[in-house]
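So for the sequence shown, UniProt numbering puts the first residue at 1; every next one is plus one.
Beta carbons: idealized from backbone N, C-alpha and C, even for Gly.
Report on the structure given below.
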Amino acid sequence: METGWLYLVVGPSGAGKDTLLDAARQRFSNTTSVIFPRRSITRPANAGGENHLGLSVEEFTRKKRAGIFALSWDAHDLKYGIPRSINDELSEGKCVVVNVSRSVLNEARSEYPNLRIISITVDPDILSRRLHARGRESEADIQKRLERAKSYRVRGDDVIEIDNSGSLEEAISNFVIAIENPYLQTNHPYLYTESPTLRGQ
């Protein structure tokens, strides 16, 4: 059986990653061949946002030392982990789709030959409006995020870039197309014409 594909979703805060993941999860809800694993995060499970496994820092550290996580990283004073069980799902030929930090991409590239990185981008002005609208951060924090976003570009032959500046439905369609077509860059060039915001890098 061919090993499944691992899709790592990256992009600046406010680019719409969670929205696209939620929509894709719904689109693939009738199949067992596409997996969206729960992330472990060092914040309470009832803190809102994604459906995650809430862990204390001590619990997270213990699990990491025990090799429970396939990938893990720190961001914004929190710790994140992806369960090692994804390796079993990949070996069964399933596709795994998960939101990660770009800090783990080099590690993932060395561990997973069947890898695609879906990079979500957005126009800076639109990103600014989204960050202000959601009201999570102070103005100073928003400006820091906007500065980081200016240099947020992931490159490589394994990268598919999706511009989420336009309609949400178009971005969702492109996101689903990317998951359904791991060989998109070379075997499906016609998709670039039909979906102009989907660009292989």
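Start-end ranges of the beta strand (DSSP E) lying completely within the segment 16-87, minimum 3 residues: Runs found: 69-75, 78-83.
DSSP bridge partner residues for V154 (one or two, in chain order): Sequence index remark: in the sequence shown, residue 154 carries index 154 (1-based). Bridge partners of V154: none, in fact.
Euclidean distance between Cα positions of A171 and A178: Translated into the one-based positions of the sequence shown, residue 171 becomes position 171. Translated into the one-based positions of the sequence shown, residue 178 becomes position 178. Taking the Cα positions, A171 is about 11 angstroms away from A178.
Local Cβ density within 10 Å of E161, reported as buried at 16 or more and exposed below that: Position 161 of the sequence shown, counting from 1, holds the residue named residue 161. Buried, by the Cβ-count rule.
Residue of V97, E169, Y80, K79 minimising C-alpha distance to N87: In the sequence shown, counting from the first residue as 1, residue 87 sits at position 87. Checked all of V97, E169, Y80, K79; the closest Cα to N87 is V97.
Rounded C-alpha distance that separates E137 from G156: Locating residue 137 in the sequence shown gives position 137, where the first residue counts as 1. Locating residue 156 in the sequence shown gives position 156, where the first residue counts as 1. Taking the straight line joining both Cα atoms gives about 32 angstroms.
Check whether W73 and S33 have beta carbons under 8 angstroms apart: The residue given as residue 73 occupies position 73 in the sequence shown. The residue given as residue 33 occupies position 33 in the sequence shown. Result no, Cβ atoms of W73 and S33 do not sit closer than 8 angstroms.
Cβ separation of R43 and L78, assumed to be a contact under 8 angstroms, to the nearest whole Å: Start at 1 with the first residue of the sequence shown, and residue 43 comes out as number 43. Start at 1 with the first residue of the sequence shown, and residue 78 comes out as number 78. Right, their Cβ atoms sit about 6 angstroms apart.
Given A149 as reference, the closest of S119, N46, A133, E169 once Cα atoms are compared: Residue numbering aside, residue 149 sits at position 149 when the sequence shown is read from its first letter. For the residues S119, N46, A133, E169, the minimum Cα distance to A149 belongs to S119.
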